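>
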Amino acid sequence: MKYLLPLLTFLAGSILPVQALLNSRLGKQVGGSLVGVLLSFLIGSICLVAANALTNGSALVAIRPARTGPWYIWLGGVLGALFLGYITWVNQRQGMALTFILVVCGQILTALLLDHYGWLGNMQRSITPVQLVGVALILGGIYLVRK
0 MKYLLPLLTF LAGSILPVQA LLNSRLGKQV GGSLVGVLLS FLIGSICLVA ANALTNGSAL
60 VAIRPARTGP WYIWLGGVLG ALFLGYITWV NQRQGMALTF ILVVCGQILT ALLLDHYGWL
120 GNMQRSITPV QLVGVALILG GIYLVRK
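Letter 39 of the sequence shown, counting from 1, is numbered 38 in numbering that gives the first Met the number 0, and no numbers are missing.
#1: Please report how far the alpha carbon of VAL102 lies from the alpha carbon of ALA49, in whole angstroms.
#2: Quick one: grab the DSSP three-state call for MET95.
#3: With distances taken between CB atoms, is the gap from GLN93 to LEU111 smaller than 8 Å?
#4: Suppose you measure from the CA of ALA19 to the CA of ASN90; what does that come to, to the nearest Å?
#5: Going by Cα to Cα distance, which pick from THR87, CYS46 and PHE82 is closest to SER105?
#6: Is it right to say GLY26 is buried, meaning 16 or more other beta carbons lie within 10 angstroms of its own, or is it exposed?
#7: Alpha helix (DSSP H) containing SER13: first to last residue?
#8: Please return the same chain residues whose Cβ sits closer than 7 Å to the Cβ of TRP88, not counting the five positions on each side in sequence.
#9: According to DSSP, simplified to helix, strand and coil, what is ILE126?
#10: Hey, ALA80 and ILE72: beta-carbon distance below 8 Å or not?
#11: With a CB to CB cut of under 7 Å and the five nearest residues on each side skipped, what residues in its chain are close to GLY140?
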């Protein structure tokens, strides 16, 4: 398990550029990036309904318990749509490598801030100097990928 979860996480990350490329190609095929992303979300939603039915014995989602949580827990779908829509559009303009090193940098910086300040109910973990060195190395990587 010590190596399995990092490996699976790495593989999950490797899906994102493939998904962006496929969504871009789908968007070109159907006449627009947003239509391609919409179809991607539709297919993904169908898969999630099926997975929910298989694992929970019902395709219905329990919305009532989620209504008692903070309002912002509903923004995940909006953020996902914004991310996929933008990435589907931009990767064809600046290239996959630059797009995704910038995505990774944005993810790491945001994750560090979420940890450091405990935002959105996240457990608080202070940023360490070693993590800041890691961010600096990623910024150097962005510079090198752009060349």
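For glycine and all other residues, C-beta sits at the position ideal for the given N, C-alpha and C. These numbers come from a predicted model, not from an experiment.
Put simply:
#1: Distance between the alpha carbons of VAL102 and ALA49: 30 Å.
#2: In the three-state scheme derived from DSSP, where H, G and I count as helix and E and B as strand, MET95 is classed as helix.
#3: Taking C-beta atoms as the reference points, GLN93 and LEU111 fail to come closer than 8 Å.
#4: Between the C-alpha atoms of ALA19 and ASN90 there is a straight-line separation of about 7 Å.
#5: Residue identity check: residue 105 is Gly in the sequence provided, not Ser. Comparing Cα-Cα distances from GLY105 to each of THR87, CYS46 and PHE82, the minimum goes to PHE82.
#6: That one is buried.
#7: Element bounds for SER13: 3 to 29.
#8: Spatial neighbours of TRP88 in its own chain (CB-CB distance under 7 Å, excluding positions within 5 residues in sequence) are listed in chain order as SER32.
#9: Three-state DSSP puts ILE126 in coil, outside helix and strand.
#10: No, the Cβ-Cβ distance between ALA80 and ILE72 is not below 8 Å.
#11: Closer than 7 Å at Cβ, skipping near neighbours: ILE100.
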